Amino acid sequence: MPASLAGRTALITGASAGIGEAFARLLAAQGANVFLVARREERLRALADELEQEHGIRAEVCAVDLSRTEAVREIVATAERMRLDIDILVNNAGFAASKNFLSSEWAELSAEMQVMMGTVTELIHRFAPAMKARGYGRIINLASLAAFAPTAPSMLYTGIKAFVLNISEAIDMELKPHGVYVTALCPGFTWSEFHDVQGTRELTDRLPNFMWQDAETVARAGLDAVMAGRPVCVPGAVNKTLAFTSRLLPERMRYQLGKVGKMVE
Ligand SMILES: NC(=O)c1ccc[n+]([C@@H]2O[C@H](COP(=O)([O-])OP(=O)(O)OC[C@H]3O[C@@H](n4cnc5c(N)ncnc54)[C@H](OP(=O)(O)O)[C@@H]3O)[C@@H](O)[C@H]2O)c1
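Counting from 1 along the sequence shown, just add 22 to a position and that's the residue number in the numbering used here.
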């Protein structure tokens, strides 16, 4: 169990559902104030009210579409107006498009990259300097087991999550000496709205129970890892085994496996 976070403030993107909501609950229960970001404002407000009443913390919301290039500027301006000093950043918002590369509109592909790469990187770039100056910061970036998996046909998602894993380690190396720890959290199949949004629920429902984790377990593993200064966290023994063995495969075999494995998270 991580130390108490009373008096700290956490910005959580994608807090209106799934793993992000679990992070908000976990951090508020540890005494942290929370700044909740996503598009569905009514969900964020309901969660903020509940967390304030239950834990006596401060909970603020910012409804914004993170695929817009102005999104980070708006979040920073809102945080400044509300006088929120961000100590903990959870870059969690995300989704996976399910169409093939050429059958997708450019706007869809671009949004996927912006939400999970551009916005993630810019949020770190905007909030990390103050963390460094204060000598304390915790940053969790949601990558995925997909970052270790063979590339899936026509999917940007595996490449995007490999990027998140890679930059998390790079930024951790730069910032750790200044008290700012960065962790790439790499879950496997996790119960949330993710596969409903992707439209793969029917397919993923056929997976055995041991392949799945709940969002709270995933969030708790990520929080423990960042507090302990571990740059990569793959939650659960099954996922750890898959990530490890996938890295041992020769490139040709990874390519062949990737071609047949269309089920992604
Ligand atoms: N579930 C899994 O199996 C799994 C496995 C590995 C990694 N992950 C990663 O975990 C993270 C969280 O996913 P989840 O499973 O919790 O999915 P989820 O239940 O679908 O939640 C996704 C969250 O992201 C937000 N979001 C999506 N697009 C957004 C946009 N354009 N602007 C602002 N917010 C946006 C959604 O909020 P609004 O719709 O309200 O905007 C929602 O709060 C993602 O990065 C995902 O890639 C998930």
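Ideal Cβ positions, reconstructed from N, Cα and C, are used throughout, including at glycine. Source: prediction; values computed, not measured.
Between which two residues does the beta strand (DSSP E) containing residue 159 stretch? Here the question's residue 159 lines up with position 137 in the sequence shown. Segment 159 to 164, the beta strand (DSSP E) holding residue 159.
Which same chain residues, not among the five before or five after residue 54, have their C-beta less than 7 Å away from its C-beta? Here residue 54 corresponds to residue number 32 of the sequence shown, with the count starting at 1. The residues are 27, 30, 31, 32, 79, 110.
Decide if residue 127 is buried, meaning its Cβ has at least 16 other Cβ atoms within 10 Å, or exposed. For the purposes of this step, residue 127 is taken as the residue at position 105 of the sequence shown. Per the 10 Å Cβ criterion, exposed.
Cβ-heavy atom distance between residue 177 and ligand 1 below 7 Å? Translated into positions along the sequence shown, residue 177 becomes position 155. Every heavy atom of ligand 1 is 7 Å or more from the Cβ of residue 177, so no.
For residue 136, the three-state DSSP class (helix, strand or coil): Within the sequence shown, residue 136 is the residue found at index 114, counting from 1. DSSP places residue 136 in helix when its eight states are reduced to three.
Using the Cα positions of residue 280 and residue 172, report the straight-line distance between them to the nearest angstrom. What you label residue 280 is simply residue 258 of the sequence shown in a count that begins at 1. What you label residue 172 is simply residue 150 of the sequence shown in a count that begins at 1. Answer to the nearest angstrom: the Cα atoms are 5 Å apart.
What whole-angstrom Cβ distance do residue 190 and residue 206 have, given they're in contact under 8 Å? Here the question's residue 190 lines up with position 168 in the sequence shown. Here the question's residue 206 lines up with position 184 in the sequence shown. Between residue 206 and residue 190 the Cβ distance is about 4 Å, and since that is below 8 Å, they are a contact.
Residue interval of the alpha helix (DSSP H) (run including residue 186): Within the sequence shown, numbered from 1, the residue matching residue 186 stands at position 164. Here the alpha helix (DSSP H) through residue 186 covers 179 to 197.
Quick check on DSSP: helix, strand or coil for residue 285? Taking the first residue of the sequence shown as position 1, residue 285 is located at position 263. The predicted model places residue 285 with a pLDDT of 47, which falls under 50 and marks its position as unreliable; any figure quoted below should be read in that light. Residue state, collapsed to three classes: coil.
Is the beta carbon of residue 154 closer than 8 Å to that of residue 83? If you number the sequence shown from 1, residue 83 lands on position 61. If you number the sequence shown from 1, residue 154 lands on position 132. No, Cβ-Cβ distance for residue 83 and residue 154 is not below 8 Å.
Hey, is residue 87 close to ligand 1, as in C-beta under 7 Å from one of its heavy atoms? By 1-based counting over the sequence shown, the position of residue 87 is 65. At least one heavy atom of ligand 1 is nearer than 7 Å to the Cβ of residue 87, so yes.
DSSP three-state call for residue 220: helix, strand or coil? Within the sequence shown, numbered from 1, the residue matching residue 220 stands at position 198. In the structure shown, the three-state DSSP call for residue 220 is helix.
Same chain, Cβ closer than 8 Å to residue 175, five either side skipped, listed in chain order: Position 153 of the sequence shown, counted from the start, is the residue given in the question as residue 175. For residue 175, where only same-chain residues beyond five positions count, the Cβ hits under 8 Å are 122, 280, 281, 284.
Would you check if there are 3 or more beta carbon pairs closer than 8 Å linking the segment 226 to 234 to the segment 186 to 200? no
In angstroms, rounded to a whole number, what distance separates the CA positions of residue 65 and residue 38? Translated into the one-based positions of the sequence shown, residue 65 becomes position 43. Translated into the one-based positions of the sequence shown, residue 38 becomes position 16. Approximately 6 Å, taken between the alpha carbons.
How about residue 273: is its Cβ closer than 7 Å to a heavy atom in ligand 1? Working through the sequence shown from its first residue, we reach residue 273 at position 251. It does not: the Cβ of residue 273 is nowhere closer than 7 Å to a heavy atom of ligand 1.
Just checking residue 215 against ligand 1 - is the residue's beta carbon closer than 7 Å to any of the ligand's heavy atoms? As a first step, residue 215 must be located in the sequence shown, where it is residue number 193. For ligand 1, at least one heavy atom lies less than 7 Å from the Cβ of residue 215.
Any heavy atom of ligand 1 inside 7 Å of the beta-carbon of residue 205? Residue 205 sits at position 183 when you count from the first residue of the sequence shown. Short note on residue 205: C-beta not closer than 7 Å to any heavy atom of ligand 1.
Can you tell me whether residue 12 is helix, strand or coil according to DSSP? The question about residue 12 has no answer here: the residues shown for the chain are numbered 23 through 287.
Could you name the residues of the same chain whose beta carbon sits closer than 8 Å to that of residue 45, not counting the 5 residues immediately before and after it, in chain order? As a first step, residue 45 must be located in the sequence shown, where it is residue number 23. Cβ neighbours of residue 45 beyond the five flanking positions: 32, 34, 37, 112, 114, 162, 241, 244, 245.
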